[in-house]
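Below: one structure, written as structure tokens.
Protein chains in written order, with my numbering: chain A, 228 to 628; chain B, 228 to 628.
Shown next, in the form of structure tokens:
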């Protein structure tokens, strides 16, 4: 797709099947006390055995040193240039709560904040009020009428919500209202160009409506909006690779990312067990499956080394069920590292394995950072993983005569 | 900067400090008799121990097989595309003798040559006359009056000098006068576009003045000019990375390169010991330090394997003093290889190490070409080193939501 403009010409639809298991936050970093990473500590007999029979390597999600968010991390694995195709914060937040976005919609990330009697910010997160308090407030804000537009408010969690603007002639080119510092009033929304004035006016009308509704409160008496964004226009994943792709993800944001890429999203349950069952049930219907595993990232974000180890061990137990389907190419990759020592995403390269009948193993004895560094794939941009996946499934013909 | 247009957005100013030690000509090649490179032979207990606790890799200054000059080698490490941002020969020569260049100045590299009675070249370097002979000639040439412009001549070494043209409306788009062959006269300077005619006329006036002054001499009776160039407009290093950067370099050319990038140049002494003392004295004033070590390159250029080994061993003794400052990220890199067997710059990949509290070591047992090839950083373009340096110092936030 991105790195190779001729990809569609050499993609050949075949009955062969590719399963891409994306382990969120797969890569880690050594625990300072033991010198061993989460993957090195985890007991993963199935993944280790699979690595020994696979082609292994490391992926760079964006560039060395650059820590990707979930958007760039996934788009990159799907083959999209993560620098060219940026998904805005508002859109990602909306995707994360399963809000259906239409072409032209503008989504913003909102949060409740607290102003003092002079209208100056005293708490940018309104004391992190909990959902039971914020949901009724969101319902009130959702009643605000902005003439000529549909404006909706969807609670996310605690002090966070999504503001959705729907109508003709909207634009994402407006400024944010969060001044990022205290003791000043929130900013107004300004249009960055004449085509964005309607959006700025609508956002300011929403804010004024919120001021009226919330004004009497001691805390959470105002809202701030940022990350105004529209759905990016991405080339279709399916058309680009001549695939009939499906996404199976328990978390809404990842279903949303797959939708942005034009994949069919198959409804599934709330955990990875449900995802694997969904894969089994629908295995005949598609030739590419994106399967998302969340718990490793969540534990890493919490800075909980042991929980990340457990999440990886829990994943390992599902590997035989996936292998039983006998996919022509099974890719195990990560969208980015989430080292527990960082308690957040990291820039570190991410382990990769690709298993097919063409891979016979290359002496990589385990599925971890150090072992994969010795594999035959080497260290590649994540945007090139799809080429290898398709090649291993016999879906790419020769390039050039 | 170059590889990643969003870098300034994700750079976060912090109190953390980065020290980038650039070892000029760091990389080498095996001595054919022993099969071991300069770095492999050198006893470097401090660098070897540091490597074992660092992230290691190899950098490619421009592209595999391409041997960089000092300009591309350094710009690349600073994160500038070395192909896009070329520093001309005249400018580099001027920087190398501490000539202060102003915006719009055109600098050319000049050299004395010898013509026969028919005005044809018999020696393009005038028998490599020594400085004691060329300096008085340069002083005479410096008196040549070119109306409407300031034209200065600065001796460099032996038969080489710098010609500086200062005034309004100058251009670097003019041809060189060295025909590169003998038995023909030197060429005239021609404008490559109408905007360069003033510069061409000035250069030809200088040459005619030189012909009058030098004409009676048996050798060194003419000059040739090449590498006409102006200071390139580079994005500011400090602004690009949101740093307050300082350069400490004993040799003028490297101070000049740092100035081109917009770094603050801290005055220092004439050797690396003085540089380290300068670093210690000014450590609180900046958050990024570029520190240049020259002797390894000089020995390699001389083709002196043992001298290069000694230069590396001498460097090693300074490492504890630098580590004592406890920089948040210490980068040890090279601008290019200077293998003694080439007696000049080489294209070979250059060892790299980055040490921070996040790097715990990865089994790289020594700081040399072969050992660093096994490190976790892999082989990266030198333009990406800054991203890793900033990431390790906690100066980069997440890219994309």
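Beta carbons are placed, not taken as given, at the ideal position from N, Cα and C, and that holds for glycine. Quantities reported herein were computed from a predicted structural model and do not represent experimental measurements.
Requested in this report: Would you list the one or two residues that DSSP bridges to residue 349 of chain B?
Outcome: Residue 349 of chain B pairs with nothing; no bridge assigned.
Requested in this report: Compare the beta carbon distance of residue 519 of chain B and residue 277 of chain B with 8 angstroms and say whether it is the shorter of the two.
Outcome: no
Report task. Examine the Cβ distances between the stretch 478-494 of chain A and the stretch 312-322 of chain A and report whether three or more of them are shorter than 8 angstroms. Result -> yes
Query - Given 8 angstroms, three or more beta-carbon pairs between the stretch 592-600 of chain B and the stretch 261-280 of chain A - result: no
Query raised in the report: For residue 464 of chain B, which residues in chain A fall below 8 angstroms Cβ to Cβ?
Result: Neighbours of residue 464 of chain B on chain A: none; closest Cβ ~16 angstroms, over 8 angstroms.
Requested in this report: Could you name the residues of the same chain whose beta carbon sits closer than 8 angstroms to that of residue 466 of chain A, not counting the 5 residues immediately before and after it, in chain order?
Outcome: 235, 489
Report task. Kindly confirm or deny that the stretch 279-295 of chain A and the stretch 596-612 of chain B touch, where touching means at least three C-beta pairs closer than 8 angstroms. Result -> yes
**Report entry** Of the residues B/531, B/551, B/471, the one placed nearest residue 522 of chain B, counting alpha carbons only
**Finding:** B/531
Report task. Return the chain-ordered ranges of every beta strand (DSSP E) run that is complete within the stretch 243-323 of chain A and spans a minimum of 3 residues. Result -> 245-250, 282-287
Report task. Taking only beta-carbon positions, decide if residue 314 of chain A is within less than 8 angstroms of chain B. Result -> yes
Query raised in the report: For residue 261 of chain B, is the classification buried or exposed, using 16 other Cβ atoms within 10 angstroms of its Cβ as the cut-off for buried?
Result: exposed
Query raised in the report: Are residue 337 of chain A and residue 390 of chain A closer than 8 angstroms when you measure CB to CB?
Result: yes
Query - Contact between the stretch 367-383 of chain B and the stretch 343-354 of chain B (3+ Cβ pairs under 8 angstroms) - result: no
Query raised in the report: So, using beta-carbon positions, are residue 247 of chain A and residue 516 of chain A closer together than 8 angstroms?
Result: yes
**Report entry** Uninterrupted alpha helix (DSSP H) stretches inside the stretch 431-508 of chain A (no shorter than 4 residues)
**Finding:** 464-468, 479-487, 499-508
**Report entry** Among A/514, A/563, A/555, A/450, the one whose alpha carbon lies nearest that of residue 346 of chain A
**Finding:** A/450
Query raised in the report: Can you find a CB in chain A that lies within less than 8 angstroms of the CB of residue 615 of chain B?
Result: yes
Query - Backbone CA spacing between residue 513 of chain B and residue 475 of chain B [nearest angstrom] - result: 12 angstroms
Query raised in the report: Using a threshold of 7 angstroms, is the CB atom of residue 622 of chain A nearer than that to any non-hydrogen atom of the ligand COA?
Result: The ligand COA is not among the ligands present in this structure, which contains no ligands whatsoever.
Query - 7 angstroms Cβ shell around residue 358 of chain A - same chain, five flanking residues per side excluded - result: 382, 384, 385
Query raised in the report: Of all the CB atoms in chain A, is at least one closer than 8 angstroms to the CB of residue 603 of chain B?
Result: yes
Requested in this report: Can you have a look at residue 575 of chain A and say buried or exposed, based on whether 16 or more other CB atoms are within 10 angstroms of its CB?
Outcome: buried
Requested in this report: Note down, in chain order, each residue of its chain lying with its Cβ closer than 7 angstroms to the Cβ of residue 417 of chain A, except the 5 sequence neighbours on either side.
Outcome: 401, 402, 427
Query raised in the report: Could you give the distance in angstroms between the alpha-carbon of residue 618 of chain B and the alpha-carbon of residue 330 of chain A?
Result: 36 angstroms
Requested in this report: Could you tell me the distance, in whole angstroms, from the CA atom of residue 533 of chain A to the CA atom of residue 493 of chain B?
Outcome: 47 angstroms
Report task. At 8 angstroms on the CB atoms, spell out the chain B contacts of residue 262 of chain A, in chain order. Result -> 587, 588
Requested in this report: Report, in whole angstroms, the separation of the C-beta atoms of residue 500 of chain B and residue 239 of chain B, which I expect to be a contact under 8 angstroms.
Outcome: Rounded, the Cβ-Cβ distance is 34 angstroms, inconsistent with contact.
Requested in this report: Measure the Cβ-Cβ separation of residue 560 of chain A and residue 579 of chain A and say whether it is below 8 angstroms.
Outcome: yes
Requested in this report: For residue 613 of chain A, collect the residues of the same chain with a Cβ closer than 6 angstroms to its Cβ; drop the 5 residues on either side in sequence, then sort them by chain order.
Outcome: 306
Requested in this report: Would you decide whether residue 290 of chain B is buried or exposed? Buried here means 16 or more other CB atoms lie within 10 Å of its CB.
Outcome: exposed
Query raised in the report: Which class does residue 619 of chain B belong to by DSSP, given the choice of helix, strand or coil?
Result: helix
**Report entry** Close-in-space but distant-in-sequence residues of the same chain around residue 423 of chain B (CB under 7 angstroms, 5 per side omitted)
**Finding:** 398, 400, 401
Query raised in the report: Does any C-beta atom of chain A lie closer than 8 angstroms to the C-beta of residue 626 of chain B?
Result: yes
**Report entry** chain B residues whose Cβ lies nearer than 8 angstroms to that of residue 572 of chain A
**Finding:** 625
Query raised in the report: Tell me which same chain residues have a C-beta within less than 6 angstroms of the C-beta of residue 524 of chain A, skipping the five on either side of it?
Result: 251, 252, 565
Query raised in the report: What separation, rounded to the nearest whole angstrom, lies between the Cα atoms of residue 455 of chain B and residue 316 of chain B?
Result: 7 angstroms
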